[in-house]
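The structure appears below as C-alpha cells.
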Amino acid sequence: MKFKNFLIACILALSFIQCGSSKKPFQFTIETGQEDHKYHLGETLTANIITKDKRPIQKVIYNFQGINKEVQASESLSLKLDNLLLGVHPIKATVFTEGGNFTSIANITVLNNKTPKVYSYEIVNTYPHNTKHYTQGLEIKNGILYESAGHFGASKLLKKELVTGKTIKEHAFEKKYFAEGITIVDDKLHLLTWKQHLGFTFDLETLKQEGSFEYDKSKEGWGICFDGKNTIYKSDGTTKIWKLDAKTLEEKGYIQITTNKSIKKKFNELEWVNGKIYANTWMKDGIAIINPENGAIEGIINCKGLREKVGVSSEDNDKVLNGIAYKKDTDQLYITGKYWKSLFEIKVIE
Numbered sequence: 027m028k029f030k031n032f033l034i035a036c037i038l039a040l041s042f043i044q045c046g047s048s049k050k051p052f053q054f055t056i057e058t059g060q061e062d063h064k065y066h067l068g069e070t071l072t073a074n075i076i077t078k079d080k081r082p083i084q085k086v087i088y089n090f091q092g093i094n095k096e097v098q099a100s101e102s103l104s105l106k107l108d109n110l111l112l113g114v115h116p117i118k119a120t121v122f123t124e125g126g127n128f129t130s131i132a133n134i135t136v137l138n139n140k141t142p143k144v145y146s147y148e149i150v151n152t153y154p155h156n157t158k159h160y161t162q163g164l165e166i167k168n169g170i171l172y173e174s175a176g177h178f179g180a181s182k183l184l185k186k187e188l189v190t191g192k193t194i195k196e197h198a199f200e201k202k203y204f205a206e207g208i209t210i211v212d213d214k215l216h217l218l219t220w221k222q223h224l225g226f227t228f229d230l231e232t233l234k235q236e237g238s239f240e241y242d243k244s245k246e247g248w249g250i251c252f253d254g255k256n257t258i259y260k261s262d263g264t265t266k267i268w269k270l271d272a273k274t275l276e277e278k279g280y281i282q283i284t285t286n287k288s289i290k291k292k293f294n295e296l297e298w299v300n301g302k303i304y305a306n307t308w309m310k311d312g313i314a315i316i317n318p319e320n321g322a323i324e325g326i327i328n329c330k331g332l333r334e335k336v337g338v339s340s341e342d343n344d345k346v347l348n349g350i351a352y353k354k355d356t357d358q359l360y361i362t363g364k365y366w367k368s369l370f371e372i373k374v375i376e
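If you use this note's numbering, the sequence shown corresponds to residues 27 to 376, in order.
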C-alpha cells in the first residue's frame, strides 16, 4: 500500500512539473479586410492579428497557397491575389511571442474577377443515338465513337459508328457497377464508376479490361478528361475537379470551380477542348468552359433548345444533356444526352 501511494504521488508530481513548464496558449484570430473573407482575383488580401493577450508579438508569418510572408508586429499582411487558385483555401498565421510560436487558421474564398462569357450554338450535323443508352462519357478517336452508359445492371462501355450510331463492340459490367465518365490516353481507355471508388482501364481496340485503379481523396467518379500531355482531370460531384497523373492515375491535387459570384459543383461529363475543360453540369442545359489553371468558369455554352429537338420534356430528369466529344484534328464538337435519340455536331458561336 505504501508503495502504491508513493507511485501515485510521483505521478502527480510529474504531472505538475509538466503543466508548470508548458506554454501558455496565445489565443488570437485572423481578421481580414472582408467580413466574409471573400475576395476576387486581382484584389489585395489584407490580414491582422486580433488578440487580448498582452504578451508582445515579435513577428507574424502568414502562409497562403504556398506563399510565405513575414510581417512585424505592427504591420498588416498585404498580398495581391494574382495567379492563384480559386475557391476556398486556408490562410495560416504563426505568431512568434514569449513562450514560443502559436498558429491559427482562417478560410479565404477567392472568386474569379470576370463574368463568364455566354455562347450559343448552331447545329452542323445530326446523327442517330441509341435511346437505350444512359450516356455518361463520350469520346471520339479515328472516326470511332466511344461511349459509356450508366445505371446499375445496365452499365456498358460501347464502341460505335459515328454516322449510323450502330454498336460495333461492347463491354457489359456486373450489376454492382454504375459506369461513369471515360477518357482516352494513347491506346488505353479509362472509365470511372460512380460510388464504387474504382476505375477501370481498357484496351481501346478490343475493349478488353486490362486493369483497375482506386480513388484517393475524391469522393465519387463523375467525369474525366485528358489534356493530351501529363494530366487527367476528374470530377466527383463536389466543387473540386481533381488532377491525376496520366501514367500512374494518382491524385496530385485539385482545382475548385468558380464564377465571379460563387463556387460551383455537380460537373458531370468532361472534355478537353483547345486547352480548356468543357463540362456538363448535372441537370443543366449548358456546358461550362473552365480554365484548368485556376478553376475559373470563363464561359457558358447555352444549349437550350436541344431537348425539344429530341422530344424530351424539361421535367424529364433522366433525359438531360450529357456527353461531349471533341475531334481535335478537324475541330469538331459533338454532344448528346441521356437516352436521347440524336447526337449533334455543333459549332459554338458568341
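Ideal Cβ positions, reconstructed from N, Cα and C, are used throughout, including at glycine.
{"query": "Can you tell me the Cβ-Cβ gap for residue 265 and residue 303, rounded? I've got them flagged as a contact below 8 Å.", "result": "Residue 265 to residue 303, Cβ: 14 Å. No contact."}
{"query": "Assign residue 290 to one of three DSSP states: helix, strand, or coil.", "result": "coil"}
{"query": "For residue 206, does the three-state DSSP call read helix, strand or coil?", "result": "strand"}
{"query": "Would you please state the rounded distance, in angstroms, between the beta carbons of residue 372 and residue 147? I believe it to be under 8 Å.", "result": "4 Å"}
{"query": "Take residue 292 and list the residues in its own chain whose beta-carbon comes closer than 7 Å to its own, dropping the five residues that flank it on each side.", "result": "263, 307, 308"}
{"query": "Cβ of residue 280 versus every heavy atom of the ligand ZN: is any distance shorter than 8 Å?", "result": "This structure lacks the ligand ZN, and indeed carries no ligand of any kind."}
{"query": "Around the C-beta of residue 364, are 16 or more other C-beta atoms found within 10 angstroms, so that it is buried, or is it exposed?", "result": "buried"}
{"query": "Just verifying my parser: in three-state terms, what is the DSSP assignment at residue 335?", "result": "helix"}
{"query": "Please state the DSSP three-state secondary structure of residue 260.", "result": "strand"}
{"query": "Work out the CA separation of residue 362 and residue 346 for me, nearest whole Å.", "result": "9 Å"}
{"query": "Please state if the CB of residue 84 and the CB of residue 120 are separated by a distance shorter than 9 Å.", "result": "no"}
{"query": "Which term fits residue 205, buried or exposed, when burial requires 16 or more other beta carbons within 10 angstroms of its beta carbon?", "result": "buried"}
{"query": "Leaving out the 5 sequence neighbours to the left and right, which residues in its chain are closer than 7 Å to residue 150 when beta-carbon positions are compared?", "result": "371, 372, 373"}
{"query": "Give the single residue among 211, 162, 165, 76 whose Cα lies nearest to the Cα of residue 255.", "result": "211"}
{"query": "Do the stretch 103-122 and the stretch 56-68 meet, that is, are 3 or more Cβ pairs less than 8 Å apart?", "result": "yes"}
{"query": "What residues are listed by DSSP as bridge partners for residue 143?", "result": "325"}
{"query": "DSSP state of residue 356, grouped into three classes?", "result": "helix"}
{"query": "Which class does residue 115 belong to by DSSP, given the choice of helix, strand or coil?", "result": "strand"}
{"query": "Ignore the nearest five residues each way along the sequence and tell me which others in residue 197's own chain have a CB closer than 6 Å to its CB.", "result": "183, 233"}
{"query": "Going by beta carbon distance, what residues of the same chain come within less than 6 Å of residue 368, once the five residues before and after it are set aside?", "result": "152, 155, 336"}
{"query": "Going by DSSP in three states, residue 159 sits in which element: helix, strand or coil?", "result": "coil"}
{"query": "Could you check the C-alpha separation between residue 258 and residue 101 for me, to the nearest Å?", "result": "42 Å"}
{"query": "Taking Cβ to Cβ, would you say residue 69 is nearer than 9 Å to residue 133?", "result": "no"}
{"query": "Report the partner residues of residue 71 according to the DSSP bridge assignment.", "result": "105"}
{"query": "Pull up the CB-CB distance for residue 50 and residue 125, whole angstroms please, since I reckon it's below 8 Å.", "result": "6 Å"}
{"query": "Can you round the beta-carbon distance between residue 173 and residue 190 to whole angstroms, since I take them to be within the 8 Å contact cut?", "result": "In fact, because the Cβ distance is near 14 Å, the residues do not count as touching under 8 Å."}
{"query": "According to DSSP, which residues form a beta bridge with residue 283?", "result": "Note: residue 283 sits in no beta bridge, so no partner."}
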